[in-house]
Amino acid sequence: MKKILKNIWKIKRFIIWFFLDKTDKLIDISKISEKILVGKSIKWKDLNCFKIWNWNKKVLYVSWIHWNEVWTVKLAHKLINFFNTNISKYIDYTFFIISCLNIDWYDKAIKNPDYFNWWKVWRFNSNEVDLNRNFPTKTFTQKSIRSFWKNYSQNVEVFCWKEWNSETETKALTEFIKSSDIKILFVFHNAWKDVLWNSTELSQKISKLYSEKTWFKLLTQDYWKTLKQTWTAKEWCDENDITYLEIEWTTRYWSDWNIQKNAIIESLKLI
Ligand SMILES: [Zn+2]
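Numbering (the working numbering), first residue to last: 19 to 289.
This is the structure:
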């Protein structure tokens, strides 16, 4: 039975791949943006943040925190390209974009973005820690859970490590946010089609708009609590009075740019 299901899954993925928009490529941004080194990964690779313009409204976008969410990097590059080209419309802002936080898996994942490990998709960093369960929050312990499947009805335990902020990736991210005095953070995941917000008023406003523009489901705080996911970026932002938006988009197979572009642009008007 398991074998049959696995084959159905493979065929389904082949069909999706076959009908992919082949023009949805990873844009080369190496020449168009200022790069800041925010830290090193566990395997000592550079964690870069791209910076566009320099004014008082600071917004940070973070992609690829879980390594199976490979093409969130495509959206990040499109975003960098877009802001760079249209910066005259956004002169009040500074845009920071970390296109890949889980950098240790970059080469492997780019080579094989269509992971073929059945549904047990890999998501950790090279210490086997779930980076979105490793933020320095008050309630930190060694283990948490992650939820998946329809309406997050299934969950499994994930490892968060022995102490909070143990992973260089999360440490670099949180220290960068603090030292740069960034108060608005967007994190891109896929592919559950929803928008999660945190306790700030601005987050609630943006998430509502984002959900309207994309048709992604707007999660409620009560619903979030039932998932019992802890030590996350969301919780850390709550504790540090940072506006947080978590966007779970439609697919693992393309950039989602056409669906999210308008929501991203419109949300800037609320900031
Ligand atoms: Zn994720």
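Ideal Cβ positions, reconstructed from N, Cα and C, are used throughout, including at glycine.
Quantities reported herein were computed from a predicted structural model and do not represent experimental measurements.
1. If you follow the beta strand (DSSP E) that C67 is in, where does it begin and where does it stop?
2. Does at least one heavy atom of ligand 1 sit under 7 Å from the Cβ of E87?
3. Is there contact here, the segment 269-277 with the segment 170-178, by at least three beta-carbon pairs under 8 Å?
4. Identify which residue in K49, N74, E87 has its Cα closest to the Cα of N150.
5. Ligand 1 and N143: does any heavy atom of the ligand fall closer than 7 Å to the residue's C-beta?
6. Should T155 and W215 be called a contact, given that it needs their Cβ atoms to be closer than 8 Å?
7. Would you check if there are 3 or more beta carbon pairs closer than 8 Å linking the segment 88-98 to the segment 40-47?
8. Run the proximity test for N152: is its beta-carbon closer than 7 Å to any non-hydrogen atom belonging to ligand 1?
9. Pick helix, strand or coil for Y170, following the three-state DSSP scheme.
10. Can we count I109 as close to ligand 1, meaning its CB is less than 7 Å from some heavy atom?
11. On the CB-based measure, 16 or more other CB atoms within 10 Å of its CB, does W137 come out buried or exposed?
12. Can you name the residues that DSSP bridges to V147?
13. Distance check for N25 and F134, CA to CA, integer angstroms please.
14. Give the DSSP bridge partners of Y262, in chain order.
15. Assess contact between the segment 200-207 and the segment 76-84, defined as three or more Cβ pairs (one per stretch) separated by less than 8 Å. Is contact present?
16. Have a look at K61, K69, I47, I60 and flag the residue whose alpha-carbon is nearest the alpha-carbon of K53.
17. Quickly, what does DSSP pair N208 with across the bridge? List them, please.
18. What do you reckon, is the C-beta of I116 under 7 Å from a heavy atom of ligand 1?
19. Is N99 close to chain C? Criterion is C-beta to C-beta, closer than 8 Å.
20. Once you ignore the five residues that flank K153 on each side, which residues in its own chain have a CB closer than 8 Å to its CB?
Quick answer:
1. 64-70 is the extent of the beta strand (DSSP E) around C67.
2. It does: the Cβ of E87 is within 7 Å (strictly closer) of some heavy atom of ligand 1.
3. Taking 8 Å as the limit for Cβ pairs, the verdict is that the segment 170-178 does not touch the segment 269-277.
4. Closest option to N150, judged by alpha-carbon separation, among K49, N74, E87: E87.
5. Closer than 7 Å to some heavy atom of ligand 1: that does not describe the Cβ of N143.
6. Their beta carbons are not under 8 Å apart, which means T155 does not touch W215 by this criterion.
7. With a cut-off of 8 Å, the segment 40-47 and the segment 88-98 count as touching, because enough Cβ pairs lie within range.
8. Not under cutoff, so the answer is no.
9. Correct three-state label for Y170: helix.
10. Ligand 1 has no heavy atom closer than 7 Å to the beta-carbon of I109.
11. The predicted position of W137 is uncertain, since its pLDDT is 49 and thus under 50; no value can be drawn from it.
12. As computed with DSSP, V147 is found in no beta bridge at all.
13. Any reading at F134 is ruled out, since the residue's pLDDT is 45, under 50, leaving its predicted position unreliable.
14. Residue pairing from DSSP places Y262 in a beta bridge opposite L203.
15. Result yes; three or more Cβ-Cβ pairs closer than 8 Å.
16. Checking every option, the nearest Cα to that of K53 belongs to K69.
17. Per DSSP, W267.
18. No - ligand 1 has no heavy atom lying nearer than 7 Å to the Cβ of I116.
19. Within the model displayed, chain C is absent; a lone protein chain is all it includes.
20. Note that residue 153 is Phe in the sequence shown, not Lys. Closer than 8 Å at Cβ, skipping near neighbours: W182, N183, T188, T192, W249, T250, A251, E253, W254.
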